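Undergrad:
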Amino acid sequence: MPKSEQKSLETVKKPFDFILFITVMVLLSIGIVMVLSASSPQALAEDGNSYSYVKKQATLAILGIVAMLVISKIDYKIYAKFSKLAYIVSIILLASVPIIGSSTKGAKRWIDLGFTNFQPSEVAKIALIIFFAAWLTIHKDELKNVFKGFIYPFLYLLPVAIILIFFQNHLSVTILIIFVTSIMMLMAGSKLSHFLTFGTIGATVGGIGLFVMAKVFEKGSFRLARITTFLDPWKDIKGEGWQIVQSLYAIGSGGLFGAGLGGSKQKYLYIPEPHTDFIFSVLAEELGFIGCAFVIILFAIFVWRGLLVAMRAPDMFGSLVAVGITSLIALQAIMNIAVVTSSMPNTGIPLPFFTYGGTSLVILLCSVRCTIKYIKTITKSIKLGVSTLFTPIFKKEDFI
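Okay, here's the thing in structure tokens:
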């Protein structure tokens, strides 16, 4: 093979996933359109401008894309060197929220930067993924041991859990981080039996502890109310059950094809802040079952390509980072859709690339690693011939 073609072939094999990139861009585009549709009534009522929310979301989306493309030029292996620093900074940011943070709806989870609200928990998710990917890579030969492979890693999660649960009332993010970390540990080589035994015991003790806190000390009692509402949302339809009932009305009225883009009725101040965590309800009402299925398929494609990137990563650290980010986005999507369809209690987890919010959107886009060299890659692959473009997506080596 001529050297020019061999060099071009190496360029094609660079770790850029065009399908993953397009999937993220389609999800982001649909998300911005839905923010416009869902937020327009509230924006008009608050500011007299139907576009106030979507302008901020679109601006932050552009900022996130630019940051994503810039970060893609950085060798990801550098992150491993700063993994401990990322962990320490995330703890400091989380701990600073109760001191200098601002409250919204009774929860203090944000830091007011003046031009926007910054949510440290979103940064902590990615920082912990990088930290645990580096830690698990260093201790990969010791993960079969119950202490090194199960107990010791969870000791790193204790400060995060304590801060989030006691000071920010953010149990849902704590559970999400534990799930993502557990998946990474299992993929790295920790024993499943340790999770089935000690993990079950720990979850039981934690659940009992939260129940006692709510009943005896009245700390986090709203969680019990959410569980009661989940079991029978119509019991308190004008109180705790209002949001989920309106969400179900929206989903049910959407039918197969929906009422059409902009045709939602529940977004007119029935669903509280429909452009945030319950934006999927508006999507279901306007685009129907077909629209919902299309978005879910896009998330499934994202997971598929994310896992494929993890399998093809050149080292364990890169593989675990890919697994962690893919798991994070997949679990957030599952939990959010489960909440709005009343399949699980309300958790306050945003829908990735859809929910209005600057911190979450920018951080998610930055975590999706791609490359701006894709145009050159495609051009060179065309020169190699049609056979290069139609090589099998899966190869036998991927599963060995």
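So for the sequence shown, the numbering used here puts the first residue at 53; every next one is plus one.
From the three backbone atoms N, C-alpha and C, an ideal C-beta is built for every residue, glycine too.
As the structure is a computational prediction, the values presented were derived from the model and not from experiment.
Please tell me whether L112 and G410 are closer than 7 Å, where the distance is taken between their beta carbons.
TA: Yes, Cβ-Cβ distance for L112 and G410 is below 7 Å.
Undergrad: How many angstroms separate the CA atom of F330 from the CA atom of L383?
TA: Going from the Cα of F330 to the Cα of L383 covers about 16 Å.
Undergrad: Is it true that the CB of S224 sits closer than 7 Å to the CB of G400?
TA: Yes, the pair counts as a contact, with Cβ atoms nearer than the cut-off.
Undergrad: So what does DSSP say about K425, is it helix, strand or coil?
TA: At K425, the pLDDT of 37 sits below 50, so the modelled position is not reliable; the number obtained from the coordinates is stated separately. If DSSP states are grouped into helix, strand and coil, K425 belongs with coil.
Undergrad: On the three-state DSSP scale, how would you describe N101?
TA: It is coil, neither helix nor strand.
Undergrad: Apply the 10 Å Cβ neighbour rule to Y320 and answer buried if 16 or more other Cβ atoms are within range, or exposed otherwise.
TA: Classification of Y320: exposed, given that the 10 Å Cβ count is below 16.
Undergrad: Using only alpha-carbon positions, find the residue among S173, Y128, S124 that is nearest to S148.
TA: Among S173, Y128, S124, the Cα nearest to that of S148 belongs to S173.
Undergrad: Mapping the DSSP letters down to three states, classify N169 as helix, strand or coil.
TA: Three-state result, N169: strand.
Undergrad: Is P326 closer than 7 Å to Q295 when the C-beta atoms are compared?
TA: Going by C-beta atoms, Q295 is not nearer than 7 Å to P326.
Undergrad: Short of 7 Å in beta carbon distance, which residues of its chain neighbour G83, apart from the five on each side in sequence? Order them along the chain.
TA: The answer, listed in chain order, is F405, F406.
Undergrad: Distance check for I190 and V453, CA to CA, integer angstroms please.
TA: Residue coverage of the chain in this structure runs from 53 to 452, which leaves residue 453 outside it and unanswerable.
Undergrad: Rounded to the nearest angstrom, what separates A110 and L188 at their Cα positions?
TA: Cα to Cα, A110 sits roughly 37 Å from L188.
Undergrad: Quick check on this structure: which residue in I279, I203, L300 has the alpha carbon closest to the alpha carbon of T252?
TA: Cα-wise, what sits closest to T252 is I203.
Undergrad: Have a look at N398 and V392 and give me their C-alpha separation to the nearest angstrom.
TA: So the two alpha carbons sit approximately 8 Å from each other.
Undergrad: Alpha carbon to alpha carbon, how far is N101 from S89?
TA: Taking the straight line from one Cα to the other gives about 13 Å.
Undergrad: Under three-state DSSP, which class holds S395?
TA: Coil.
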